[in-house]
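To start, the structure itself, in structure tokens.
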Ligand code: ADP
């Protein structure tokens, strides 16, 4: 019986494929790195063919490692790096140049222009997003501006726009399906998240022909079937979601008020706000969490630019560590940071400060401060920054957070998670499967094909690897947070 689910997780630095069994356990994993192409400072591209080739290769490899064939697979789910933008010729499948990656800043002037035209407010009201080069809209406009006759060809229906999910879906179905899901659509800055459709006014402002846009579908449901030759048999594709939304689902944050934090290079916090799109008054984004086929649900999102990356910096630039996991023992070898705060504002500060010109600092140095204090302060800075985003979420949300679910590479650090629990004053919960992005999209696909009957039946709902209970007194927490806030004030470019 086909009771396995194949999750494709196309990330910024690699393509991965993971096979899950019906109990939600990992059966096999395959991974291939993908190249970042940086033709100019601040520009980031990827080769669309490489994205596809590495992804299909890992899918085949994961199946063979698991000793399975396509007939053992009930369905496929696709989770992807969000916002990255492609455009291709519908007839030949030929892309118009490389994919423009979410990190690429080339369209910052186009975003300044949108703001100067007074569009920031209407864009935020419709899309839930802050005008920024991060999102797909200006990237697509750039591609259309830089390819001969592209706008006219698009208007004739000859070109297809897609985020990475759409590109993979197109290739997996042999060009048969041009579609995306609501979560990916909600990151384009072209999608009205309230009416759940492409927005004519924004398309007109950016001169994007609607004929180029994919159909928008629920995140869980039938998207199409893989071509028979690709994996050895046709397999239904039944789930699609952007990586952070997939992780929220994989953490089983299916109820309003539940939140997760992914501790990777940066930190991504998402809180489920249910059927209600919470408009942020605190610098967060409003986005679509998913649609299981019965209407969209929403989330608020905030990100920290430098999370685990501060530990890489200690290792690679300062040479204070040989490996990231040494940080835990070093931090524990001192009772506290000795009054030191590290503010890793290497690329400015994100939510809730939004200060592009702020730069990092180590504050509170005295003669007795050593490397362990600095390492400890660096780990604490990851938790403080996450606490700032959570405080903003609590102000925007109807009910305050009751526990924080965590994943990502740095969530292996027990010191960090205990300090996180202490400083936000709610339990922090680490699941046994921290591959929550792949698990989440496997769940979305499996729910649509009957592998799991309902969200209440998802196997990892109650599974916990470890729960970190807050143990700091309120006074202590307030004292430390106040020290952190003072440190942040010192690095801000404007008060
Ligand atoms: P990404 O998906 O963003 O590439 P990962 O989820 O793989 O990131 O996490 C890698 C990040 O986590 C790196 O920045 C690394 O410094 C950090 N990291 C990994 N292990 C630890 C650890 N034990 N303690 C603290 N940070 C860690």
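Residue numbers (my numbering): 468 to 962.
Note that the Cβ used here is the ideal one computed from N, Cα and C, for glycine as well.
In this structure, residue 792 has its beta carbon less than 7 Å from a heavy atom of the ligand ADP. The continuous beta strand (DSSP E) containing residue 739 extends over residues 734-741. The three-state reading of DSSP puts residue 584 in coil, since its state is none of H, G, I, E or B.
Per DSSP, the continuous beta strand (DSSP E) segment holding residue 648 begins and ends at 646-648.
For residue 951, the enclosing alpha helix (DSSP H) covers residues 941-958. Around the beta carbon of residue 687, 16 or more other beta carbons sit within 10 angstroms, so the residue counts as buried. Pairwise C-beta distances place the stretch 793-810 in contact with the stretch 841-853, as three or more of them are shorter than 8 Å. Rounded to whole angstroms, residue 470 and residue 488 show a C-alpha spacing of 7 Å. Residue environment: residue 505 is assigned as exposed (fewer than 16 neighbouring CB atoms within 10 Å of its CB, all protein chains considered).
In the structure shown, residue 678 adopts helical secondary structure according to DSSP, grouped into three states. Beta-bridge partners of residue 684 (DSSP): 648.
The three-state reading of DSSP puts residue 936 in coil, since its state is none of H, G, I, E or B.
A Cβ-Cβ distance of about 13 Å is found for the pair residue 914 and residue 927, leaving them out of contact under the 8 Å criterion.
In summary, residue 613 is exposed, with fewer than 16 beta-carbon neighbours lying within 10 Å of its beta-carbon over all protein chains present. Taking non-hydrogen atoms of the ligand ADP into account, the C-beta of residue 883 is found less than 7 Å away from one of them. A heavy atom of the ligand ADP is found nearer than 7 Å to the CB of residue 778. Within a 10 Å sphere around the beta-carbon of residue 710 sit 16 or more other beta-carbons, which makes this residue buried. No Cβ-Cβ contact shorter than 8 Å links residue 544 with residue 741.
The Cβ neighbour count for residue 862, taken over all protein chains shown within 10 Å, is under 16; the residue is labelled exposed. Residue 513 places its beta carbon less than 8 Å from that of residue 566. Bounds of the beta strand (DSSP E) holding residue 872 are 871-874. Just measuring C-alpha positions, the residue of 873, 919 and 607 sitting nearest residue 562 is 607. Counting only residues of its own chain and dropping the five nearest sequence neighbours on each side, residue 528 has a CB closer than 6 Å to the CB of 497. Every alpha helix (DSSP H) stretch that sits fully inside the stretch 534-586 and reaches 4 residues is listed by chain position as 575-583. The alpha carbon of residue 806 has as its nearest neighbour, out of 779, 848 and 819, the alpha carbon of 848. Pairwise C-beta distances place the stretch 869-878 in contact with the stretch 719-731, as three or more of them are shorter than 8 Å. Judged by the Cβ position, residue 689 fails to qualify as a neighbour of the ligand ADP at the 7 Å threshold, every heavy atom of the ligand being at least this far. Remark: C-beta atoms of residue 757 and residue 716 approach each other more closely than 8 Å. Measuring C-alpha to C-alpha distances from residue 934 to each of 899, 950, 921 and 524 identifies 899 as the nearest. A straight line joining the alpha-carbon of residue 520 with that of residue 615 spans about 27 Å.
When rounded, the separation of the alpha-carbon atoms in residue 570 and residue 510 is 8 Å. The C-beta of residue 768 has 16 or more other C-beta atoms within 10 Å across all chains shown, which makes the residue buried.
Within its own chain, the residues whose Cβ lies closer than 8 Å to the Cβ of residue 480, once the five positions on either side in sequence are excluded, are 500, 501 and 503, listed in chain order. Under DSSP, no beta-bridge partner is assigned to residue 600.
Cβ neighbours of residue 640 within its own chain (closer than 6 Å, five residues either side excluded): 691.
Classified as buried, residue 708 has 16 or more neighbouring CB atoms from the shown chains inside 10 Å of its CB.
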